[in-house]
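The structure under discussion appears below in the form of structure tokens.
Chains as they are written, first to last, in my numbering: chain A, 1 to 151; chain B, 1 to 151; chain C, 1 to 83; chain D, 1 to 83.
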């Protein structure tokens, strides 16, 4: 049984290094998919995103969705990293890496993980505007719920 | 209009560096998906894959499928690299990187690119066995054709 | 019981956590939320639209009608927006 | 016309490319393939199952009934297995 690598951290992550750790020294992996979600500046209006999380439960939920992906697809490795705290435009927020002998499993499971973690992992984004005006909490999108219902 | 980065080369590529080149210095990208296809050892039976290609047409077809992806999804960058020549187990063969403001476009277009290039880009794999027994040409899979028909 | 609030619930109530003893007969997560909503103006504001509030009991998502049972930690938060 | 062969077609025919002048009336890619198949045992072997052979005219995929027109480069190969 594959054990997922899950981390919730304030520091930036190195997507390349996570991917390297998965493939290093083995020759049975046929496909690696990485998804990196980044903070967008929204045309310069955004100064930063602040990500609040529920310590403990955030890790638990990421492990739960990863374990579900491992049960549903023939995966050889899963890594999920989610940051919290202040994140500047251009910086990465979330990383999902999946590895499998076959490309379909790697693609589908990475897609599933992103849909699922968006609606189940306890993180909340607050916007800080470049203008100095008080920012607000980002509203959840019904399209994210619909995306999660595909699986 | 986004211009795809397409390369057909014998040398290994650096997936991390390609991804960094796409995101460096900009803050409008929300999602980056990378797909890396690797040579599997098939339980140690495979010594190497030899990839033959049609020089000129291989590049042309990769540009064509990339341009089609750019027409179909709101992409901010597309990179496709495909190697030829002898490739050892564990080494990468193909890289697709897509970037978009939104994750669905990045996922779908990377998936599309892999399906399409598998059935349209003129590359052929020959297996070299570790036993020294003469290897054969890999047969095309009907499941790859079906996958391409999804789009 | 230890109660946690996140995001705008935390901001509206003005605290991230507190300890509350619920009145006898408070058997579900939703009933606990209704009790909290009665504790003052800031609570009423935080819980003004109860149907959108998500609840976790001991760090697991639960529906509003979930029994509190022997729960030690009860958390209230808006729909999640991570990823 | 410049003719290219790839993968096991190249191996069966024993060469990667050659220049062929097709007989008058050879108007489609498929007709060109039929002519090549008649050039000897190794060609007959290479083209024994014509329906699976893929053809490119001037580096573009074409169906077997595509006109040769002013084509300069004609390529024959098995279904692709890249990626």
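C-beta: ideal position from N, C-alpha, C; glycine also. What you are looking at is a predicted structure, and each value in this text was computed from that prediction instead of being measured.
Cβ-Cβ distance between residue i and residue j below 7 Å
i             : j             : result
residue 41/B  : residue 76/B  : no
residue 80/A  : residue 8/A   : no
residue 182/A : residue 62/A  : Residue 182/A is absent from the model: chain A starts at 1 and stops at 151.
residue 148/B : residue 115/B : yes
residue 118/B : residue 144/B : yes
residue 69/B  : residue 131/B : no
residue 66/C  : residue 29/C  : yes
residue 2/D   : residue 73/D  : yes
residue 106/A : residue 89/B  : no
residue 62/D  : residue 52/D  : no
residue 18/A  : residue 97/A  : yes
residue 12/C  : residue 34/C  : no
Which listed residue (the options) has its alpha carbon closest to that of residue i
i             : options                       : result
residue 88/C  : 10/A, 54/A, 92/A and 11/A     : Within the shown structure, residues of chain C are numbered from 1 to 83, placing residue 88/C beyond reach of any answer.
residue 83/C  : 19/A, 49/A and 102/A          : 49/A
residue 106/C : 28/C, 36/C and 31/C           : Outside the shown range of chain C (1 to 83) lies residue 106/C, about which nothing can therefore be said.
residue 146/B : 135/A, 150/A, 104/A and 129/A : 104/A
residue 134/A : 33/A, 46/A and 38/A           : 46/A
residue 39/A  : 20/A, 60/A, 16/A and 12/A     : 12/A
residue 25/C  : 68/C, 60/C and 11/C           : 68/C
residue 81/C  : 71/A, 64/A, 56/A and 140/A    : 140/A
residue 31/C  : 50/C, 60/C and 45/C           : 50/C
residue 151/A : 25/A, 73/A, 91/A and 87/A     : 73/A
residue 1/A   : 35/A, 71/A, 20/A and 15/A     : 71/A
residue 25/A  : 137/B, 92/B, 142/B and 138/B  : 92/B
residue 20/A  : 20/B, 21/B and 14/B           : 14/B
Cβ-based neighbour list, residue i, same chain, cut-off 7 Å, excluding 5 preceding and 5 following
i            : result
residue 3/B  : none
residue 14/C : 42
Neighbour flag for residue i against chain F, beta carbons, 7 Å
i            : result
residue 49/A : In the structure shown, chain F does not exist; the protein chains are A, B, C and D.
Own chain, CB closer than 8 Å to residue i, minus 5 neighbours either side, in chain order
i             : result
residue 84/A  : 8, 9, 10, 51, 52, 53, 58 and 123
residue 66/A  : 4, 6, 78, 80 and 113
residue 23/A  : 29, 32 and 99
residue 128/B : 46, 47, 48, 49, 50, 86 and 135
residue 23/C  : 35
residue 64/B  : 120
residue 27/C  : 67 and 68
residue 21/C  : 1
residue 38/D  : 44
Rounded Cβ spacing between residue i and residue j (contact assumed at less than 8 Å)
i            : j            : result
residue 30/A : residue 44/B : Contact flag wrong, Cβ pair sits at about 15 Å.
residue 94/B : residue 82/B : 5 Å
residue 4/C  : residue 78/C : No, residue 4/C and residue 78/C are not in contact; Cβ-Cβ is about 13 Å, not under 8 Å.
Cβ-based neighbour list, residue i, same chain, cut-off 6 Å, excluding 5 preceding and 5 following
i             : result
residue 71/D  : 57 and 58
residue 35/B  : 96, 110 and 114
residue 138/A : 125
Inside the segment 54-126 of chain A only - beta strand (DSSP E) runs reaching at least 3 residues: 75-83, 85-87 and 92-100
Which residue spans inside the segment 23-63 of chain D form an unbroken alpha helix (DSSP H) run of at least 4? 29-37 and 41-46
In the segment 20-57 of chain A, which residue ranges form an unbroken beta strand (DSSP E) of at least 3 residues, counting only runs that do not cross its ends? 31-38 and 46-53
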